[in-house]
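Residue numbers (the working numbering): 2 to 394.
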């Protein structure tokens, strides 16, 4: 009974977020609304274990993330992936902009330990926040232990609507481009999934044998190979990135179908579970803890966002992007996957307003940049930054 109640609460928060996003035409993103609901819930009546009780615990996530990343690889081509080096550069340079302002103005306003403890979670996700919290504990700097996780909580909430606004602006610009060239661009997005397959499947089976279990086994095989390869190279390339790359390659070779988890009927389940797990981390802080460090957090977030903005404005044109798209790529460092995927999907759907070819075009133009930018910052750069800053405490 308790598990069903927990599941119902988690999914209700997701539903409310989606409805608000739909009513507001994605000006208020679903992840922002759901995050606020979870924060209020954790600070009032919700048990901190509600997400785990709903079945979305660490074991679920360790399976969901590799499967989802392999799946996302089936939504883009190898050529599209390789073309995203500009998004990687923009995202990383945005992080550098954040580092410059926080390490200069930030250290002028606050003490060194405060700034050093806050920067890694500001430029990355939960992993860097936990690394810094553990580092502060081990060095006896207990007064700042709550700072990294609190920073993670607040900057995520701030980042969602700001990123949505940037993507909305870019989506409207791209829709004008699409409509001017609809005759040449639309046919690609009017084809069915089957007709879009570039190569015949390596394994040809009668339709009766192509079941959900069969599709899941294929995704699991690619995920297993990806994780094994990452271990073999001692995680020089992050395992999440390897899963995405191997997903793209397996799709290009014809081993994996387009949108394979969607065809298996489990994509939404895995995505909701992953998102719920991320929101579950918002239970790590309390109003009393937040109240003692709120000024430092807000100030450093403002400096970080300004640093990203300046980098985006300066570098967007040389890299062939609008400053809004460049800024959105940089902002992925605030949350990473799956929020970058969900925000881009929502904006594409909202701007297209039921125009499926336009929605497909918007996804193709924005999604690879957002995903790759998020991996470059959250999965790679933030962990490196946290490792360095631990030595500076």
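No residue lacks a Cβ here, since even glycine has one placed at the ideal position from N, Cα and C.
Range of the contiguous alpha helix (DSSP H) that encloses residue i
{"i": "residue 325", "result": "324-332"}
{"i": "residue 8", "result": "3-24"}
{"i": "residue 258", "result": "Neither: residue 258 is in no alpha helix (DSSP H) and is coded neither H nor E."}
{"i": "residue 365", "result": "357-375"}
{"i": "residue 168", "result": "147-181"}
{"i": "residue 227", "result": "213-233"}
{"i": "residue 383", "result": "383-391"}
{"i": "residue 292", "result": "288-316"}
{"i": "residue 344", "result": "340-353"}
{"i": "residue 273", "result": "268-281"}
{"i": "residue 125", "result": "It is not in any alpha helix (DSSP H) - residue 125 carries neither H nor E in the DSSP assignment."}
{"i": "residue 99", "result": "86-102"}
{"i": "residue 80", "result": "79-83"}
{"i": "residue 27", "result": "Looking at the DSSP string, residue 27 is not in any alpha helix (DSSP H), and its letter there is neither H nor E."}
Own chain, CB closer than 7 Å to residue i, minus 5 neighbours either side, in chain order
{"i": "residue 72", "result": "220, 248, 261, 262, 268"}
{"i": "residue 377", "result": "89, 92, 93"}
{"i": "residue 30", "result": "22, 161, 162, 165, 344, 347"}
{"i": "residue 150", "result": "130, 134, 285, 286"}
{"i": "residue 159", "result": "302"}
{"i": "residue 294", "result": "147, 148, 151"}
{"i": "residue 318", "result": "none"}
Buried versus exposed call for residue i [16 or more other C-beta atoms within 10 Å across all chains shown]
{"i": "residue 215", "result": "exposed"}
{"i": "residue 60", "result": "exposed"}
{"i": "residue 4", "result": "exposed"}
{"i": "residue 241", "result": "buried"}
{"i": "residue 364", "result": "buried"}
{"i": "residue 392", "result": "exposed"}
{"i": "residue 266", "result": "exposed"}
{"i": "residue 10", "result": "buried"}
{"i": "residue 223", "result": "buried"}
{"i": "residue 349", "result": "buried"}
{"i": "residue 63", "result": "exposed"}
{"i": "residue 27", "result": "buried"}
{"i": "residue 209", "result": "exposed"}
{"i": "residue 140", "result": "exposed"}
Chain-order list of residues whose beta-carbon lies under 6 Å from that of residue i (same chain, five-residue window excluded)
{"i": "residue 13", "result": "none"}
{"i": "residue 343", "result": "32"}
{"i": "residue 388", "result": "none"}
{"i": "residue 227", "result": "243, 244, 247"}
{"i": "residue 374", "result": "88, 92, 330, 333"}
{"i": "residue 274", "result": "57, 61, 65"}
{"i": "residue 196", "result": "Residue placement at residue 196 is flagged as unreliable, the pLDDT there being 48, under the threshold of 50; the coordinate-derived value follows with that caveat. Closer than 6 Å at Cβ, skipping near neighbours: no residue."}
{"i": "residue 217", "result": "265"}
{"i": "residue 312", "result": "94, 95, 98"}
Residue i in three-state terms, based on DSSP
{"i": "residue 247", "result": "helix"}
{"i": "residue 196", "result": "Any answer about residue 196 is weak, because its pLDDT of 48 lies below 50 and its placement is not dependable; what the coordinates show is given next. Reduced to three states, the DSSP call for residue 196 is helix."}
{"i": "residue 55", "result": "coil"}
{"i": "residue 190", "result": "helix"}
{"i": "residue 184", "result": "helix"}
{"i": "residue 210", "result": "helix"}
{"i": "residue 76", "result": "coil"}
{"i": "residue 138", "result": "helix"}
{"i": "residue 39", "result": "helix"}
{"i": "residue 106", "result": "helix"}
Interface flag, residue i vs chain B, CB-CB below 7 Å
{"i": "residue 64", "result": "Here there is only one protein chain, and chain B is not present."}
Neighbourhood of residue i by C-beta, 8 Å cutoff - its chain only, sequence neighbours within 5 removed
{"i": "residue 44", "result": "287, 288"}
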